[in-house]
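The structure appears below as structure tokens.
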Amino acid sequence: MITADSDIQAWLEAASRAQPSLIVPYVRSGHQATLRYRVEASKEGRSGKSVLKQGGSVTIYPGQAVNLGTMSLTREAGDVCSVVLSLYEKEKIVGNYRFDCPQISRGD
Numbered sequence: 001m002i003t004a005d006s007d008i009q010a011w012l013e014a015a016s017r018a019q020p021s022l023i024v025p026y027v028r029s030g031h032q033a034t035l036r037y038r039v040e041a042s043k044e045g046r047s048g049k050s051v052l053k054q055g056g057s058v059t060i061y062p063g064q065a066v067n068l069g070t071m072s073l074t075r076e077a078g079d080v081c082s083v084v085l086s087l088y089e090k091e092k093i094v095g096n097y098r099f100d101c102p103q104i105s106r107g108d
């Protein structure tokens with residue numbers, strides 16, 4: 001069971017050299033638990049605003065990183081982009097993380 005002082009770690013891996021950019025959230029903990037998650041990626045720029053949402057349930061095991069799916073966004077230089085990951089155990093929020101999207105390569 002994960003408690004308020006748990007050791008949950010969350011991070012993003014991204015492939016931003018190609019379009020669309022791929023964003024992959026990961027989670028890891030020192031405790032075994034079944035979590036519900038919600039991932040929301042949003043970007044805003046000259047071409048407008050896009051919001052992607054996905055969620056599900058995942059069982060994590062001590063020390064094992066778990067991929068929470070892959071999201072893809074087509075972005076341009078200057079777009080504002082962020083990802084929010086929320087984790088829940090038994091209806092209680094146990095983690096809320098906000099990440100800026102990785103910078104995109106201009107191809108120079």
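Under UniProt numbering, the sequence shown has 39 at position 39, and the numbering climbs by one with no breaks.
All C-beta atoms, glycine included, are put in the ideal place defined by N, C-alpha and C.
Can you tell which of the options has its C-alpha closest to the C-alpha of residue i?
{"i": "arginine 46", "options": "Arg98, Ser86, Val80, Leu87", "result": "Val80"}
{"i": "valine 27", "options": "Leu87, Ile93, Lys92", "result": "Leu87"}
{"i": "histidine 31", "options": "Tyr97, Pro102, Thr59, Val84", "result": "Thr59"}
First and last residue of the beta strand (DSSP E) that includes residue i?
{"i": "leucine 87", "result": "80–89"}
{"i": "aspartate 100", "result": "92–100"}
{"i": "residue 132", "result": "Given a span of 1 to 108 for the chain in the structure shown, any question on residue 132 remains unanswerable."}
Would you decide whether residue i is buried or exposed? Buried here means 16 or more other CB atoms lie within 10 Å of its CB.
{"i": "valine 51", "result": "exposed"}
{"i": "arginine 75", "result": "buried"}
{"i": "proline 20", "result": "exposed"}
{"i": "alanine 77", "result": "exposed"}
Would you report the Cα separation of residue i and residue j, rounded to the nearest angstrom?
{"i": "threonine 34", "j": "asparagine 67", "result": "14 Å"}
{"i": "threonine 70", "j": "proline 25", "result": "7 Å"}
{"i": "alanine 65", "j": "lysine 49", "result": "31 Å"}
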